[in-house]
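Right, one structure below, let's go through it.
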Amino acid sequence: MSQIVVFGGNGYAGEHIVREAVIRNHDVICVSRSAPPTRVPGATYITGSIYDPALLEQLAPKADVFISAVPSKSGDNRLPDGLEAIMGVCVAHGTRFGVVGGAGSLLVEDGGPELRIAFASALPEEAMPEINTHAELLGLLRNSPQNFDWFFLSPALLFGAHAPGEHRGVYRVGGDVMLKDPDGNSAISGSDYADAILDEIEHPIHRRARFSVAY
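Residue 33 is where the sequence shown starts when you use the working numbering, and the numbers rise one by one after that.
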């Protein structure tokens, strides 16, 4: 059993991760800025922020993994700007850091452009700051010191509350290129995405790496 701290556990991905971690009998702490409308039985809930260094120091000594499921850009806070403090705490205490990433930095094909560039005209303008910030965060992670243990999981193109899907219990794992099914669709449900996160926590394969999942 691991202690898993999920920052942003009230959100779409975060709640699925909290639920799956509890099902697998892990010690789960959900950190969010406000009290959740509903709680997952078996999880511990704390009001707080990933941008609070004192809270990170409080939680890290017993935590095996920090999972960031917070928006990469929220108000005045940006994950890239907070990464140095997060990294320092994680390295000091041997805590792994996992990120619920975005699909925008995935490549359309081998050697091809990123989705956020290839489909820039089709993406909502209001979504671009977060898409670009996730890509910036990934670059910073890749250039971080070797003793910082992290992973970044990009979902399929169709992922989120607007396309919840159903739990299938299966998924495919890819790398930097967007995965598509034989019909050209790229999708993953919240619960199957959470399965992939928990599988990586329980059986680490992608150390200091980005990987992706889809059906």
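For every residue, glycine included, the Cβ atom is placed at its ideal position computed from N, Cα and C.
Please read these numbers as outputs of a predicted model, since none were measured by experiment.
Closest in C-alpha terms to Asn109, from the list Arg71, Thr165, Trp182, Ile36, comes Thr165.
As DSSP reads the structure, Thr165 sits in no beta bridge.
Rounded to whole angstroms, Ser137 and Ile78 show a C-alpha spacing of 31 Å. Per DSSP, Thr70 has no beta bridge partner at all.
Within the model, the alpha-carbon separation for Asp227 versus Ile220 is close to 11 Å. Asp59 is bridged by DSSP to Gln35.
Secondary structure note for Ile233: it is in no beta strand (DSSP E), and the uninterrupted alpha helix (DSSP H) holding it is 222 to 234. Boundaries for Ile237: no alpha helix (DSSP H) harbours it, and the DSSP string shows neither H nor E there. Taking 8 Å as the cut-off, the beta carbon of Ile163 is found no closer than this to the beta carbon of Arg174.
His235 and Ala150 have their C-alpha atoms spaced approximately 34 Å apart. Bounds of the beta strand (DSSP E) holding Leu185 are 182 to 186. Looking only at Ile118, Ile49, Ala246, the smallest Cα-Cα distance to Pro214 is reached by Ala246. Arg204 is bridged by DSSP to Ala246. By the CB criterion at 8 Å, Ile99 and Phe39 fall inside the cutoff.
Within 10 angstroms of the beta-carbon of Asn217 lie fewer than 16 other beta-carbons, which makes it exposed. In this structure, DSSP gives Tyr77 an extended state, which the three-state scheme calls strand. For the pair Gln35 and Ala95, the CB atoms are nearer than the 8 Å cut-off. Spanning the alpha carbons of Gly126 and Leu88 requires a straight line of approximately 13 Å. Linking Met119 to Glu141 through their CA atoms gives a straight-line distance of about 31 Å. Check the Cα spacing between Arg242 and each of Pro196, Val132, Glu158: the tightest is with Val132.
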